[in-house]
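Chains as they are written, first to last, in the numbering used here: chain A, 1 to 190; chain B, 1001 to 1166.
Cβ atoms here follow ideal geometry from the backbone N, Cα and C, with glycine treated the same way.
Since we're looking at a predicted model, the values are computed, not measured.
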Amino acid sequence: MRVIWDRRELHIKVVYYGPPLSGKTTNLRRLQENIAPQHRSDLVSLDTEGDRTLFFDLLEVNLGRIGGLQPRVSLYTVPGQPRYQRVRELVLRGADGVVFVADSAPHRLRENHAMWQQMWQQMYKLRIQDVPVVLQLNKRDVPNPTPVAQFQQLLRHPKGEEVPIVEAQAKHNVGVRETFALILKRILQR
Amino acid sequence: MSEEKFSHIKKCLQEVRYETGASVVLIADESGRALIYTGTEEPHTISLLAALSAAGLSALQEIIMTSFRLPQAADEQMLMLEVPQGEILLLSKPPLVFLLVFSDKTRLGMARLLLKRLAKEADWRAILHQPEDQVQQALNQVKEEVFSSEDKLENDLFHTLWQRGE
Ligand SMILES: Nc1nc2c(ncn2[C@@H]2O[C@H](COP(=O)(O)OP(=O)(O)O)[C@@H](O)[C@H]2O)c(=O)[nH]1
Ligand SMILES: [Mg+2]
């Protein structure tokens, strides 16, 4: 977090990370739809090819005034395609919290795992390995979703800490708000 | 930074803006946070510009490093970007990024010169400095308010954030 003291602003950066098409942009879209316009920006998507994010999406949420400061939360998504590894790292820089959006479709399990590994590698490299991480298991509505226990087995915290999990269906606006509230809470609690 | 330093730097930015006719002049940090700016009071525009500039410059450095097989990019990089809002001139000078948004009146030569001068003269330590005690106190107050009760965040905060009728 950074306080811009002169403007009494508290800047919080949250990055939604995860494999391609897991629902990162959908999370931001739902937040934009649900949050009152005076409390948010428009969702800006940079360079999209079909519905795939090439660079990042950005949504800004201002939480009004809390305890003399004006918290402003910048929500970013990263592009999930393997070839954009470096872009992910750039966007991740300076994050105060990370939401990992996993895809519950059973055939995406390995991709989730590979991205999870890469996320931690990058977080260590950027020295943000201690910022809060929330694991969102998205697309719980698909047939035969990967069981939660299996995710817990596979997507482990490198230091063995417990990672809070939210089950979600971003498409149907389920779990989106809970995820956002949880990461915010964890960030502010630190 | 102190009020005095802040208004001094802001004045420098205003001068650059005035002399180049730029619509916005802005200083951001490397993770894309706008630190100080002049030209618009529209905070979301500013945030987007800051995010863009940090990302754009990092991407440029990446391209330069891979294309020329450099182990490390040069400290100072300049980049011109065209976005829907117009043309943007970016200058990276770690740990800061300087940005200028062109208007019809802005000439590239002048913009380059003045942005470089600004980057050279800007005291980044002062820009990044925060009155630690006051900041900590303010942060504690935020936490106190948010966590005053178990569900405070959920109930109050999201009640105001969320549109009615959900
Ligand atoms: N079945 C299902 N589809 C979803 C869900 N969330 C998102 N999607 C769909 O998954 C696709 C990719 O979503 P998107 O947000 O663009 O993924 P991103 O690449 O992570 O940004 C879109 O077609 C979404 O409608 C969900 O909860 N369930
Ligand atoms: Mg996307």
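Our two residues, Glu-167 of chain A and Thr-1040 of chain B, have alpha carbons roughly 40 Å apart in a direct line. DSSP places Val-1146 of chain B within a helical segment (H, G or I) once states are collapsed to three.
Annotation: Ile-1088 of chain B to Leu-1100 of chain B spans about 6 Å, alpha carbon to alpha carbon.
When the Cα atoms are used, Val-1016 of chain B and Leu-1090 of chain B turn out to be separated by approximately 14 Å. Inside the stretch 78-116 of chain A, DSSP marks whole alpha helix (DSSP H) runs of 4 or more residues at positions 85-92, from first to last along the chain. In the structure shown, the three-state DSSP call for Pro-71 of chain A is strand.
Trp-116 of chain A is a Cβ neighbour of Ala-102 of chain A, given a cutoff of 9 Å.
Counting along the chain, no alpha helix (DSSP H) covers Gln-38 of chain A, and no H or E run does either.
With respect to the C-alpha of Ala-149 of chain A, the residue from A:Leu-109, A:Ile-187 and A:Lys-159 having the closest C-alpha is A:Leu-109.
Secondary structure of His-11 of chain A (DSSP, three-state): strand. Fully enclosed alpha helix (DSSP H) runs of no fewer than 4 residues occupy 1108-1121, 1124-1128 and 1132-1146 of the stretch 1100-1146 of chain B, in order along the chain. Rounded to the nearest angstrom, the gap between the Cα atoms of Leu-90 of chain A and Ala-1055 of chain B is 7 Å.
When distances are taken from the beta-carbon of Ala-170 of chain A to the heavy atoms of ligand 1, the shortest one is below 8 Å. Straight-line spacing of the CA atoms in Leu-1113 of chain B and Leu-10 of chain A works out to 33 Å. Taking C-beta atoms as the reference points, Gln-1141 of chain B and Leu-69 of chain A count as a pair closer than 9 Å. A direct Cα-to-Cα measurement between Glu-1019 of chain B and Leu-1026 of chain B gives close to 15 Å. Nearest CB-CB separation between Ile-1027 of chain B and chain A: not below the 9 Å threshold. In chain order, Ala-1138, Leu-1139, Asn-1140, Gln-1141, Val-1142, Lys-1143, Glu-1144, Glu-1145 and Val-1146 make up the part of chain B whose C-beta sits under 9 Å from the C-beta of Gly-67 of chain A. In the structure shown, Ala-1055 of chain B adopts helical secondary structure according to DSSP, grouped into three states. Assignment of beta-bridge partners to Met-123 of chain A by DSSP yields no partner. Ser-22 of chain A has its Cβ nearer than 8 Å to a heavy atom of ligand 1.
At a cut-off of 9 Å, the C-beta of Ala-36 of chain A has a neighbouring C-beta in chain B. The Cβ neighbour count for Met-123 of chain A, taken over all protein chains shown within 10 Å, is at least 16; the residue is labelled buried. Assignment of Phe-1068 of chain B by DSSP, reduced to helix, strand and coil, places it in the coil class.
Contact annotation: the stretch 1131-1138 of chain B does not touch the stretch 1036-1051 of chain B, with fewer than three C-beta pairs closer than 8 Å. At a C-beta separation below 8 Å, His-157 of chain A has no neighbours in chain B, since its nearest C-beta there lies roughly 23 Å away. If you draw a 10 Å sphere on the C-beta of Lys-139 of chain A, you find 16 or more other C-beta atoms in it, and that means buried. The Cβ atoms of Gln-189 of chain A and Phe-1147 of chain B sit closer than 9 Å to each other.
Residue state for Phe-180 of chain A is assigned as helix, using DSSP reduced to three classes. Just measuring C-alpha positions, the residue of A:Gln-85, A:Val-133 and A:Trp-5 sitting nearest Lys-185 of chain A is A:Val-133. Around the C-beta of Val-1083 of chain B, fewer than 16 other C-beta atoms lie within 10 Å, and the residue is accordingly described as exposed. A distance criterion of 8 Å places the beta-carbon of Gly-1086 of chain B beyond contact range of ligand 2, judged by its closest non-hydrogen atom. Taking C-beta atoms under 8 Å as the contact rule, Tyr-76 of chain A and Val-15 of chain A qualify, at a distance of about 5 Å. Taking a Cβ-Cβ threshold of 8 Å, the residues of chain A close to Ala-1051 of chain B are Phe-56, Leu-58, Ser-74 and Tyr-76, in chain order. Residues of the stretch 85-96 of chain A that bring their beta carbon within less than 8 Å of a beta carbon in chain B comprise Arg-86, Val-87, Leu-90, Val-91, Arg-93, Gly-94 and Ala-95, in sequence order. With respect to Ile-128 of chain A, Gly-94 of chain A sits close: the two C-beta atoms are nearer than 9 Å.
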